[in-house]
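The numbering used here puts the first residue of the sequence shown at 2, with every later residue one more than the last.
For each residue, glycine too, the CB sits at the ideal point set by N, CA and C.
Since this is a predicted model, take the numbers as computed values, not measurements.
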Amino acid sequence: MFTTWLRQVFKGIIEPTASLLSRIGLGANALTIIGCLMNIGVGIVIATGRLRLGGALLIVASAFDALDGSLARQIGRPTRFGAFLDSVLDRVSESAILLGLAVWYMGQPGMIEEILAYIALVGSMLVSYTRARAEGLQIECKVGLFTRVERCIILIAALLLNLTGPALWILAVGTVLTTIHRIVHTYLQIKDQPL
Numbered sequence: 002m003f004t005t006w007l008r009q010v011f012k013g014i015i016e017p018t019a020s021l022l023s024r025i026g027l028g029a030n031a032l033t034i035i036g037c038l039m040n041i042g043v044g045i046v047i048a049t050g051r052l053r054l055g056g057a058l059l060i061v062a063s064a065f066d067a068l069d070g071s072l073a074r075q076i077g078r079p080t081r082f083g084a085f086l087d088s089v090l091d092r093v094s095e096s097a098i099l100l101g102l103a104v105w106y107m108g109q110p111g112m113i114e115e116i117l118a119y120i121a122l123v124g125s126m127l128v129s130y131t132r133a134r135a136e137g138l139q140i141e142c143k144v145g146l147f148t149r150v151e152r153c154i155i156l157i158a159a160l161l162l163n164l165t166g167p168a169l170w171i172l173a174v175g176t177v178l179t180t181i182h183r184i185v186h187t188y189l190q191i192k193d194q195p196l
């Protein structure tokens, strides 16, 4: 999976940074909250039309997302609540970015990008929800191409290159297809099992 590969690539940066943060006393949950607040700020920047700045800031905010789990492991205190909080605030963070794009496009001619931003937002939530719901039924469900990491990379590149229109098409279609993939995957695992 691409996410696992990416973690290995940046392990040499993430782990020493997490170690430094643990020495100065910053907790993983605090880092999760800071990352979410940064993403909300990025969404506001995007909504005002400063797309390239938003892309640059999204790189920084995404680094916080990458660090919180590593920090929890460094200090030896990964908790179930921390994992829950991280998942919830990841949804808030991604929603803030896509909502920022939708708001910016409201001031532009045409409506298609607003609609695509909405579809991408709903699709992103469904990608995460289908996995969480399947895992609640004890089915591993990490299938599909458009996990949060891939979506974030697409958003960063689109903002920096000012290609948000095409990126919204990719995100809208990709998240819907990933959701369908996860539904089919789960169905094939449990189709004949009683509740």
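DSSP-derived helix/strand/coil call for residue i
i	result
cysteine 142	coil
glutamine 190	helix
methionine 107	helix
proline 195	coil
asparagine 40	helix
isoleucine 116	helix
glycine 124	helix
asparagine 30	helix
leucine 169	helix
threonine 180	helix
Under 9 Å between C-beta atoms of residue i and residue j
i	j	result
serine 199	alanine 19	In the structure displayed, the chain extends from 2 to 196; residue 199 sits before or after that span and is not available.
leucine 52	threonine 180	no
glutamate 95	arginine 132	no
glutamate 115	methionine 126	no
threonine 80	isoleucine 120	no
glutamine 75	leucine 22	yes
glycine 36	leucine 90	yes
Sequence-distant residues of the same chain with beta carbon closer than 7 Å to residue i, five excluded per side
i	result
cysteine 153	Ser63
tryptophan 105	Ile47, Ala48 and Gly50
isoleucine 155	Ala168, Ile171 and Leu172
asparagine 40	Ala62, Ser94, Ala97 and Ile98
leucine 86	Asn30 and Thr33
glutamate 136	Cys142
Residues near residue i in its chain [Cβ-Cβ closer than 8 Å; skip 5 each side]
i	result
valine 43	Gly55, Leu58, Leu59, Ala62, Ala97, Ile98 and Gly101
isoleucine 14	none
Min CB distance residue i to chain D below 9 Å
i	result
glycine 175	Structure shown: chain D not included; a single protein chain is present.
Entirely enclosed alpha helix (DSSP H) segments - the segment 42-90, minimum 4 residues
You should have 52-75.
The segment 27-35 / the segment 61-69 touching (three or more Cβ pairs under 8 Å)
yes
Decide if the segment 182-190 is in contact with the segment 136-145; the criterion is three or more beta carbon pairs, one per stretch, under 8 Å apart.
Result yes; three or more Cβ-Cβ pairs closer than 8 Å.
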